[in-house]
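Enquirer: Pasting a structure here, questions to come.
Protein chains: 2
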Amino acid sequence: MTKSAPRTRIQEKNRSAILEAGLEVFSKFGYRGSTVDKIAEAAGLSKPNLLYYFPSKEAIYLELLSGLLDTWLDPLRALNDDGKALPEILDYVGRKLDMARDFPRESRLFANEILQGAPRIEDALKGDLKTLVDEKAEVIRHWIAAGKIKDVDPHHLIFSIWALTQHYADFDTQVRAVLGGQDPFPGAEHYLEQLFTSRLKP
Amino acid sequence: MTKSAPRTRIQEKNRSAILEAGLEVFSKFGYRGSTVDKIAEAAGLSKPNLLYYFPSKEAIYLELLSGLLDTWLDPLRALNDDGKALPEILDYVGRKLDMARDFPRESRLFANEILQGAPRIEDALKGDLKTLVDEKAEVIRHWIAAGKIKDVDPHHLIFSIWALTQHYADFDTQVRAVLGGQDPFPGAEHYLEQLFTSRLKP
DNA sequence: CGTTGCTTTGACCACTTGGTCAAATCAAGC
DNA sequence: GCTTGATTTGACCAAGTGGTCAAAGCAACG
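Top line first, the protein sequences correspond to chains W and A.
With the working numbering applied, the first sequence corresponds to residues 1 to 202, in that order.
With the working numbering applied, the second sequence corresponds to residues 203 to 404, in that order.
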């Protein structure tokens with residue numbers, strides 16, 4: 001559920017333009033490095049006009065963050081105990097890697113917030129996120145008990161999937177510098193599939 | 203080689219106090235989020251006094267960064283073609299994980315810089331870093347050709363080691379939130395050892 | 001056309017921030 | 001104790017920042 005639903009078409013347009021601009025700017029400069037002026041310019045509005053739609057810089061940031069956390073966890077929610085364990089996990093890896101490729105700004109915004117100690121979403125991490133991860137760790141434990149995959153620590157398995165996929169979005173600059181500008185994603189997809197298959201296939 | 207060598211004992215003491223304070227503050231708030239006042243306070247100096255030792259906020263940041271990149275790459279430099287391939291790689295993983303545990307501020311400072319697009323160290327990444335990684339990739343390729351480890355893309359192997367180890371420093375907040383405050387490192391060490399052994403052991 | 005309510009803006013303000021500077025303090029050798 | 005050079009500081013400044021506000025523009029409807 002989004003904030004108080006905008007009524008007019010123009011409100012809807014401007015609010016979403018601001019959020020898009022906010023994502024662009026916040027993900028590039030971090031919260032402190034972003035200015036209301038920059039966001040306003042990116043959204044094609046004047047600063048006071050932007051502040052007519054959102055009460056403050058922080059309000060934009062918070063709305064982005066809360067929307068993001070959901071989107072970001074959707075692939076994990078989709079991880080279900082539907083028979084084939086390994087393909088299910090490989091699918092999750094693939095979906096996360098796709099997101100790193102297609103939504104790097106979202107990944108970086110999130111990374112920025114966690115790096116600063118997650119001051120604004122600590123509760124969500126200790127609450128919803130922990131609950132969801134614990135739940136999925138249980139699913140993985142069942143797969144292990146049933147002999148469908150090898151014995152691994154489910155939490156660290158999940159962490160490793162996050163780390164490996166998000167690395168390609170968050171550290172994009174470094175990865176491309178080392179690869180000499182070459183697109184990392186085809187290679188990454190193959191590498192990660194092999195990596196997790198080797199570790200998990202019984 | 204460090205900057206112009208400080209002459210007096212007091213200069214040495216204050217300069218290193220400032221660098222220590224800078225590391226503390228920059229790694230916590232990022233470049234833009236850090237103020238000269240905060241760094242000065244952490245170093246136990248007044249702002250003008252701090253600026254007597256360093257010409258600007260950026261100078262502190264740059265000196266930290268350039269010193270860091272070296273330290274950060276030392277473990278990779280130590281990766282040598284000395285017979286046993288897999289233990290060599292597992293050692294590298296272990297050393298990087300130790301650094302993530304013992305020097306998380308350094309890792310976060312670096313992560314912050316890369317996240318912002320590495321505006322101040324792009325050249326170093328495309329130069330020294332790429333050279334070093336390409337060189338070590340060649341070592342790994344030899345191991346593969348000699349049948350000492352399984353066939354993997356050397357660059358992505360190195361990326362995966364970086365991603366997995368630094369994740370525990372950079373995303374510490376998230377990891378601990380999900381684990382309910384439990385120390386992640388013992389579990390991480392075991393998980394990573396198994397992961398790379400499974401993938402690489404011929 | 002004129003009223004009404006949504007939208008936009010120029011001018012402005014208080015506060016933070018990086019950095020300067022002249023003057024004061026201090027330490028050490030003479 | 002006095003001189004000399006290193007160190008420290010209070011006062012200050014210009015630029016940038018988040019945010020306010022009253023007034024102006026604008027669209028739609030009677």
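Just so you know, even glycine gets a beta-carbon here, dropped at the ideal spot from N, CA and C.
Keep in mind that this is a model prediction, so the values were computed, not measured.
Taking the straight line between their C-alpha atoms, what separation do you get for ALA302 of chain A and THR367 of chain A?
Expert: Cα to Cα, ALA302 of chain A sits roughly 6 Å from THR367 of chain A.
Enquirer: Quick one: measure Cβ to Cβ for ALA17 of chain W and ALA59 of chain W, integer angstroms, because I've assumed they're closer than 8 Å.
Expert: That belief does not hold up - the Cβ atoms of ALA17 of chain W and ALA59 of chain W are roughly 15 Å apart, past 8 Å.
Enquirer: Output the distance between the C-alpha atoms of ASP353 of chain A and ALA280 of chain A, rounded to the nearest integer angstrom.
Expert: The alpha-carbon atoms of ASP353 of chain A and ALA280 of chain A are separated by roughly 22 Å.
Enquirer: Does chain A have any CB closer than 8 Å to the CB of SER160 of chain W?
Expert: Interface residue, yes.
Enquirer: Buried or exposed: ASN216 of chain A, going by 16 or more other Cβ atoms within 10 Å of its Cβ?
Expert: Buried is the call here.
Enquirer: Tell me the rounded alpha-carbon separation between TYR31 of chain W and TYR61 of chain W.
Expert: Whole-angstrom Cα-Cα distance: 8 Å.
Enquirer: Residues in the segment 295-321 of chain A with C-beta within 8 Å of chain W's C-beta atoms, listed in sequence order?
Expert: So the close ones are ARG310, ALA313, ASN314, ILE316, LEU317, GLN318, GLY319 and ALA320.
Enquirer: Which residues of the segment 219-242 of chain A have a Cβ closer than 8 Å to any Cβ of chain W? Give them in chain order.
Expert: Listed in sequence order: LYS230, PHE231, GLY232, TYR233, ARG234 and GLY235.
Enquirer: Roughly how many angstroms lie between the CA atoms of VAL295 of chain A and GLY224 of chain A, to the nearest whole one?
Expert: Their backbone Cα atoms lie some 28 Å apart in a straight line.
Enquirer: Taking only heavy atoms of the ligand ATP into account, decide whether any of them is closer than 7 Å to the Cβ of ALA326 of chain A.
Expert: By its list of ligands, the structure shown contains no ligand whatsoever, and the ligand ATP lies outside what it can speak to.
Enquirer: Look at LYS47 of chain W and ASP37 of chain W and say whether their C-beta atoms are less than 8 Å apart.
Expert: Closer than 8 Å, so yes.
Enquirer: If we ignore side chains and look at the alpha-carbon of each, how far apart do LEU125 of chain W and GLN174 of chain W end up?
Expert: LEU125 of chain W and GLN174 of chain W: Cα-Cα distance of roughly 28 Å.
Enquirer: Is the separation between the beta-carbon of HIS357 of chain A and that of LEU179 of chain W shorter than 8 Å?
Expert: Yes.
Enquirer: Once you ignore the five residues that flank ILE89 of chain W on each side, which residues in its own chain have a CB closer than 7 Å to its CB?
Expert: Within the same chain, ILE89 of chain W has close Cβ partners PHE196 and LEU200.
Enquirer: So SER160 of chain W is in the alpha helix (DSSP H); what residue range does that whole segment cover?
Expert: Looking at the DSSP string, the run of the alpha helix (DSSP H) that includes SER160 of chain W is 154-170.
Enquirer: For a cutoff of 8 Å on Cβ pairs, would you count PHE387 of chain A as touching chain W?
Expert: Taking Cβ atoms only, chain W never reaches closer than 8 Å to PHE387 of chain A, which makes this a no.
Enquirer: Using CA atoms only, rank isn't needed, just tell me which of W:THR8, W:LEU64, W:ARG9 and W:GLU12 is closest to VAL25 of chain W.
Expert: Out of W:THR8, W:LEU64, W:ARG9 and W:GLU12, W:LEU64 has the C-alpha closest to the C-alpha of VAL25 of chain W.
Enquirer: How far does the alpha helix (DSSP H) with THR273 of chain A in it extend, from its first residue to its last?
Expert: Residues 259-279.
Enquirer: Does the beta carbon of TYR263 of chain A sit closer than 8 Å to a beta carbon anywhere in chain W?
Expert: By this cut-off, TYR263 of chain A is not an interface position.
Enquirer: By a C-beta neighbour count over all protein chains shown, 10 Å radius and 16 as the cutoff for buried, is PRO119 of chain W buried or exposed?
Expert: Answer is exposed; the Cβ neighbour count stays below 16.
Enquirer: By the three-class DSSP mapping on this structure, what secondary structure does ASP91 of chain W have?
Expert: ASP91 of chain W falls in the helix class under three-state DSSP.
Enquirer: Against chain W, does VAL341 of chain A count as a neighbour if the rule is that its beta carbon must be under 8 Å from one of theirs?
Expert: Taking Cβ atoms only, chain W never reaches closer than 8 Å to VAL341 of chain A, which makes this a no.
Enquirer: Can you name the residues of chain A whose CB is closer than 8 Å to the CB of ARG199 of chain W?
Expert: Those within 8 Å of ARG199 of chain W in chain A are GLN396, LEU397, SER400 and ARG401.
Enquirer: How long is the line joining the alpha carbons of ASP330 of chain A and ILE360 of chain A, rounded to whole angstroms?
Expert: Each residue's Cα considered, the two are about 16 Å apart.
Enquirer: Can you tell me whether GLN213 of chain A is helix, strand or coil according to DSSP?
Expert: GLN213 of chain A falls in the helix class under three-state DSSP.
Enquirer: What is the DSSP secondary structure of LYS332 of chain A, counted as helix, strand or coil?
Expert: Reduced to three states, the DSSP call for LYS332 of chain A is helix.
Enquirer: Could you tell me the alpha carbon to alpha carbon distance between THR210 of chain A and ILE346 of chain A, rounded to whole angstroms?
Expert: Near 53 Å, if we compare the C-alpha coordinates of ILE346 of chain A and THR210 of chain A.
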